[in-house]
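S.K.: Reminder that position 129 of the sequence shown reads as 171 in our numbering, one-by-one numbering, no gaps.
The structure that follows is given in the form of structure tokens.
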Amino acid sequence: MCAAPKGNQFWKLRSKHGRDKLFATPELLWEAASEYFQWCDDHPWAVSKTKKKEDKTETEETPTQRPYTISGLMLYCDASQSFWRKFKDEDHKDFFTVITRIEGVIETQQFEGATVGAFNANIIARKLGLSEKTEVKSNVIKVEYE
43 MCAAPKGNQF WKLRSKHGRD KLFATPELLW EAASEYFQWC DDHPWAVSKT
93 KKKEDKTETE ETPTQRPYTI SGLMLYCDAS QSFWRKFKDE DHKDFFTVIT
143 RIEGVIETQQ FEGATVGAFN ANIIARKLGL SEKTEVKSNV IKVEYE
């Protein structure tokens, strides 16, 4: 096999340059997010609870809601979380509304799920940056001994 000659222009013969965009339009991004939300709703987590009755131990599985997450959305779309951060930070003005809507849906679902007890409230509060802030003030008096 021979190497291509130096100074060749073979690259101009390619049908396309680079890879396709993951989301070409805001509509495609919203469609992908909607599919992910539906997938989460259709595939709940199973919570196992062990019950003891007399001498028998029974395990009961209860379906519970799956929380929407950006990391889950990116896994569903075969992308990374760093892709999402870069995509948000880049100048995609036409995607701003859809990105805001997707993040709003995720935050609302997490908050409401924690409120009704479907999700662990402490974990969701930390994830959403919610915290109870208390201000502690103290006075220090300097005492001198002779």
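Think of the CB as a built atom: it goes at the ideal place given N, C-alpha and C, for glycine as much as any other residue.
Given the structure is predicted, the values throughout are model-derived calculations rather than measurements.
Inspect the CB distances between the segment 138 to 150 and the segment 100 to 120 and report whether three or more fall short of 8 Å.
M.R.: Taking 8 Å as the limit for Cβ pairs, the verdict is that the segment 100 to 120 does touch the segment 138 to 150.
S.K.: To the nearest angstrom, how far is the alpha carbon of C119 from that of F137?
M.R.: Rounded to whole angstroms, C119 to F137 spans 16 Å at the Cα level.
S.K.: Whose CA, out of P86, L117 and Q80, lies closest to the CA of L64?
M.R.: L117
S.K.: By alpha-carbon positions, which one of H85, N50, S76 and A167 ends up nearest to I141?
M.R.: S76
S.K.: Does the Cβ-Cβ distance between T104 and T92 come in under 7 Å?
M.R.: no
S.K.: Here's the rule I'm using: 16 or more other beta-carbon atoms within 10 Å means buried, otherwise exposed. How should L71 be labelled?
M.R.: By the neighbour-count rule (16 or more Cβ atoms within 10 Å), L71 is buried.
S.K.: From what residue to what residue does the beta strand (DSSP E) around V89 run?
M.R.: W87 to K95
S.K.: Spatial neighbours of L170 within its chain, please: CB distance less than 7 Å, with the 5 preceding and 5 following residues excluded, ordered by chain position.
M.R.: E149, Q152 and F153
S.K.: In angstroms, rounded to a whole number, what distance separates the CA positions of A156 and E96?
M.R.: 34 Å
S.K.: Looking at the secondary structure, which residues open and close the beta strand (DSSP E) in which T106 lies?
M.R.: Secondary structure note for T106: its beta strand (DSSP E) is the uninterrupted segment K98 to T106.
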